[in-house]
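Working notes, structure below.
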Amino acid sequence: MTHALSLHAISHCFDGAEVLQDVSLQIAPGECVALLGPSGAGKSTLLALLDGRIRGWRGRAEVLGNRLPNNRAPERETRLKTGFIFQEFALVDRQSAYQNVMNGRLGRMHTWSSLWGRYGAEDHLKTAIALEDTGLTDLAQRRVDQLSGGQRQRVAIARCLAQEPELILADEPVSNLDPAHAERILELITDAARKRGITVAFSSHQPELSRRFASRIIGLRAGAVLFDKPSAMVGNDDISELYHGTVPGDGLRVVS
Amino acid sequence: MSRILVWIVLGLALLWAAGNANIGLDKLPGAGPRLAEFLGRMMPPDLSVWPEVLTGLAETLRIAILGTLFAIVLSAGLAVLASETLVPATIWRPVRALLAAIRSIPLILVAMLMVGAVGLGPLPGILAITFHATGMLAKFYAEAIDNVGTAPLAALESAGASRAQLLRWAIWPQMAPVVLRDTVFRFELNLRESLILGIVGAGGIGLHVQTYVRSFQYDKAATVTLAIISLVLLFEGFNTVLQKRFS
Numbered sequence: 093m094t095h096a097l098s099l100h101a102i103s104h105c106f107d108g109a110e111v112l113q114d115v116s117l118q119i120a121p122g123e124c125v126a127l128l129g130p131s132g133a134g135k136s137t138l139l140a141l142l143d144g145r146i147r148g149w150r151g152r153a154e155v156l157g158n159r160l161p162n163n164r165a166p167e168r169e170t171r172l173k174t175g176f177i178f179q180e181f182a183l184v185d186r187q188s189a190y191q192n193v194m195n196g197r198l199g200r201m202h203t204w205s206s207l208w209g210r211y212g213a214e215d216h217l218k219t220a221i222a223l224e225d226t227g228l229t230d231l232a233q234r235r236v237d238q239l240s241g242g243q244r245q246r247v248a249i250a251r252c253l254a255q256e257p258e259l260i261l262a263d264e265p266v267s268n269l270d271p272a273h274a275e276r277i278l279e280l281i282t283d284a285a286r287k288r289g290i291t292v293a294f295s296s297h298q299p300e301l302s303r304r305f306a307s308r309i310i311g312l313r314a315g316a317v318l319f320d321k322p323s324a325m326v327g328n329d330d331i332s333e334l335y336h337g338t339v340p341g342d343g344l345r346v347v348s
Numbered sequence: 248m249s250r251i252l253v254w255i256v257l258g259l260a261l262l263w264a265a266g267n268a269n270i271g272l273d274k275l276p277g278a279g280p281r282l283a284e285f286l287g288r289m290m291p292p293d294l295s296v297w298p299e300v301l302t303g304l305a306e307t308l309r310i311a312i313l314g315t316l317f318a319i320v321l322s323a324g325l326a327v328l329a330s331e332t333l334v335p336a337t338i339w340r341p342v343r344a345l346l347a348a349i350r351s352i353p354l355i356l357v358a359m360l361m362v363g364a365v366g367l368g369p370l371p372g373i374l375a376i377t378f379h380a381t382g383m384l385a386k387f388y389a390e391a392i393d394n395v396g397t398a399p400l401a402a403l404e405s406a407g408a409s410r411a412q413l414l415r416w417a418i419w420p421q422m423a424p425v426v427l428r429d430t431v432f433r434f435e436l437n438l439r440e441s442l443i444l445g446i447v448g449a450g451g452i453g454l455h456v457q458t459y460v461r462s463f464q465y466d467k468a469a470t471v472t473l474a475i476i477s478l479v480l481l482f483e484g485f486n487t488v489l490q491k492r493f494s
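Protein chains in written order, with my numbering: chain W, 93 to 348; chain Y, 248 to 494.
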């Protein structure tokens with residue numbers, strides 16, 4: 093496997109509008125990449141597509157060496173290798189933090205015993221480690237609807253880590269958090285991934301955070317890739333063109 | 248324009264109902280004293296029938312409990328078939344129509360049919376309650392399934408969970424409080440509705456109500472009424488505690 097992700101000419105229409113236009117990119121195993129762009133640029137669609145939750149798109153996509161189908165959900169094996177962190181956390185509110193993290197391991201369990209809540213020693217161990225790594229050990233038995241936004245996001249991350257993915261896709265993981273929490277959460281995701289050798293692609297509309305935590309930034313605007321370069325080489329020109337459709341010195345041309 | 252039309256239609260309906268029916272409003276002035284006399288004859292309640300009333304009440308309670316239990320079992324299966332999210336429209340539409348048809352048949356009519364089918368006693372009462380309650384409960388359960396938040400579902404599916412696992416760990420935890428609330432509500436309705444089943448011979452305390460009223464033993468009917476009120480109030484209290492505990 094030379095690429096963790098390999099996209100070739102991906103396009104997708106939704107309600108007659110082109111949300112993704114001819115997107116091609118590769119991400120190497122272990123890389124940490126940010127998808128940067130304004131709201132409606134197609135970042136969420138692209139990540140959901142890579143997670144196998146979008147149907148009817150065109151092009152060719154390989155995720156962790158497996159060809160992604162565009163007409164059905166991927167096989168269970170593929171799904172559990174790709175972890176996803178949702179913007180709205182997507183936790184089961186009435187369950188404890190522990191059970192929510194355990195939910196991330198369902199794909200690795202025998203269905204029958206999991207239905208009765210009988211988990212193996214390995215599952216309990218991986219859940220405990222994920223809770224420890226996210227600093228949630230003391231909150232494990234609390235119901236998640238009693239936790240704060242930052243704590244809930246950490247539960248979502250712990251669930252993703254307990255899943256033992258090879259690739260983490262994170263859709264605006266910090267847009268619901270205040271700046272201090274946002275930094276800590278991104279640090280948590282990227283550190284945990286680096287330690288485990290997991291590839292990360294996260295979307296964000298915050299250039300500073302993206303530059304700090306990703307080694308490479310892909311700028312998306314109106315469903316197309318505007319630039320794709322190492323974080324250190326992304327200049328202010330790139331950013332302002334991405335957000336305002338203008339380049340300094342180019343007058344105030346607005347591209348809608 | 249259409250608002251005026253609505254008012255006109257409502258006004259006409261009211262005129263028609265009040266003007267054409269042979270209501271006999273002239274009887275109204277004499278109703279007060281007669282009602283007072285009726286209530287007077289209920290006092291004091293004749294508590295000597297207490298053991299009989301208790302037996303009848305216990306039978307009513309048993310009918311409500313068993314009827315609810317069977318309705319839960321039937322509804323669990325039918326709810327899946329009536330759910331918009333779990334099955335295609337070609338299945339849930341006819342199932343929902345069937346449930347609506349069941350709901351539209353009054354309980355007392357079902358009870359009479361059941362008495363005709365299996366004879367007198369509590370069995371026709373249980374069958375009638377089961378049939379009648381399923382029409383509502385299955386619809387409520389189906390709506391509980393359909394109202395579950397989809398984000399956790401997508402998250403667990405993305406993590407590799409199977410369909411059965413989704414049902415157990417993403418759908419069920421979200422719908423459980425709703426199911427509990429609906430079931431308790433339906434049990435309360437079953438309890439109240441089964442009080443009258445005895446009138447058509449389908450078991451329970453209704454038989455005593457009918458017997459005492461028909462034979463002008465209003466003091467004994469008063470005892471039955473008090474017993475029924477106590478039972479319903481008792482359950483109301485139990486329900487309040489339950490709702491607070493599970494949310």
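By construction, the Cβ of each residue, glycine as well, lies at the ideal position given by its N, Cα and C atoms.
Item                                                                                                                                                                                                        : Value
So with Cβ pairs under 8 angstroms, would you call L198 (chain W) a contact of chain Y?                                                                                                                     : yes
List, in order along the chain, the chain Y residues whose C-beta lies closer than 7 angstroms to that of R164 (chain W)?                                                                                   : Correct list: empty, because the minimum Cβ distance to chain Y is about 12 angstroms.
Would you mind listing the alpha helix (DSSP H) stretches within the segment 299 to 335 of chain W that are 4+ residues and don't spill past its ends, in chain order?                                      : 299 to 305
Could you say if the segment 266 to 281 of chain Y and the segment 444 to 452 of chain Y meet the contact criterion of at least three C-beta pairs nearer than 8 angstroms?                                 : no
For the beta strand (DSSP E) holding F294 (chain W), just list the boundary residues, first then last.                                                                                                      : T291 to S296
Taking 8 angstroms as the CB-CB cut-off, is L316 (chain Y) touching chain W?                                                                                                                                : no
Measure from the C-beta of T137 (chain W) to each C-beta in chain Y and report whether the shortest distance is under 8 angstroms.                                                                          : no
Mind listing the chain W neighbours of Q421 (chain Y)? Cutoff is C-beta to C-beta under 9 angstroms, in chain order.                                                                                        : V184, D185 and R186
Less than 8 angstroms between the beta carbons of Y459 (chain Y) and D429 (chain Y), yes or no?                                                                                                             : no
Establish whether the CB of L127 (chain W) and some CB of chain Y are separated by less than 8 angstroms.                                                                                                   : no
Of all the options W:A262, W:Q255 and W:L301, which has the alpha carbon lying nearest to the alpha carbon of L217 (chain W)?                                                                               : W:Q255
Would you call the segment 348 to 355 of chain Y in contact with the segment 368 to 385 of chain Y, where contact means no fewer than 3 C-beta pairs closer than 8 angstroms?                               : yes
Identify, in the order they occur along the chain, each residue of the same chain with its Cβ nearer than 7 angstroms to the Cβ of P340 (chain W), setting aside the five sequence neighbours on each side. : For P340 (chain W), the pLDDT reaches just 46, beneath the cut-off of 50, and the residue's location in the model is therefore unreliable, although a value from the coordinates is still provided. Around P340 (chain W): D329 and S332.
Quick one, which residues of the segment 387 to 400 of chain Y are near chain W if we go by CB-CB under 7 angstroms, in chain order?                                                                        : A398 and P399
Quick check on DSSP: helix, strand or coil for D429 (chain Y)?                                                                                                                                              : helix
Any beta carbon from chain Y within less than 8 angstroms of Q255 (chain W)'s own beta carbon?                                                                                                              : yes
Under a three-way DSSP split, which group does S348 (chain W) fall into?                                                                                                                                    : For S348 (chain W), the predicted model reports a pLDDT of 48, less than 50, meaning its position is unreliable; a value from the coordinates is still stated below. S348 (chain W) falls in the coil class under three-state DSSP.
Can you check which of these residues, W:Q113, W:R276, W:P257 and W:A314, is closest to A293 (chain W) by C-alpha distance?                                                                                 : W:P257
Going by the CB atoms, is the gap between I452 (chain Y) and I475 (chain Y) shorter than 8 angstroms?                                                                                                       : yes
Below 7 angstroms CB to CB, which residues in the same chain sit around I119 (chain W) once its five sequence neighbours on both sides are set aside?                                                       : H95, A96, L97, V125, T291 and A293
Applying the criterion that 16 or more other CB atoms from any shown protein chain within 10 Å of the CB defines a buried residue, is D230 (chain W) buried or exposed?                                     : exposed
Is G372 (chain Y) buried or exposed, if buried means 16 or more other CB atoms sit within 10 Å of its CB?                                                                                                   : buried
Taking only heavy atoms of the ligand FAD into account, decide whether any of them is closer than 7 angstroms to the Cβ of A449 (chain Y).                                                                  : The ligand FAD is not part of this structure, which contains no ligands at all.
Using three-state DSSP, classify F181 (chain W) as helix, strand or coil.                                                                                                                                   : coil
Could you check the C-alpha separation between K491 (chain Y) and A408 (chain Y) for me, to the nearest Å?                                                                                                  : 32 angstroms
In angstroms with no decimal places, state the Cα-to-Cα distance between A109 (chain W) and P299 (chain W).                                                                                                 : 26 angstroms
For I310 (chain Y), collect the residues of the same chain with a Cβ closer than 7 angstroms to its Cβ; drop the 5 residues on either side in sequence, then sort them by chain order.                      : P369, G372, I373, I376, S441, L444, G450 and G451
Hey, out of Y:A406, Y:V395, Y:D466 and Y:G484, whose CA is closest to F432 (chain Y)'s CA?                                                                                                                  : Y:G484
L112 (chain W) to K135 (chain W), Cα distance in whole Å?                                                                                                                                                   : 9 angstroms
Using a Cβ cut-off of 8 angstroms, which residues of the segment 401 to 419 of chain Y contact any Cβ in chain W, in chain order?                                                                           : A401, A402, L403, E404, S405, A406, G407, A408, S409, A411, Q412, R415, W416 and A417
Quickly, what does DSSP pair H104 (chain W) with across the bridge? List them, please.                                                                                                                      : W:L112
Look at the Cβ atom of A274 (chain W), then the Cβ atom of V266 (chain W), and state whether they are nearer than 8 angstroms.                                                                              : yes
Just to confirm, is the Cβ distance from L156 (chain W) to L259 (chain W) under 8 angstroms?                                                                                                                : yes
Where in the segment 209 to 290 of chain W do unbroken runs of the alpha helix (DSSP H), each at least 4 residues long, occur, reported from the N-terminal end onward?                                     : 213 to 225, 241 to 254 and 271 to 288
Check for me: the alpha helix (DSSP H) holding E299 (chain Y) runs from which residue to which?                                                                                                             : W297 to L328
Is the shortest distance between the beta-carbon of T203 (chain W) and the beta-carbons of chain Y less than 8 angstroms?                                                                                   : yes
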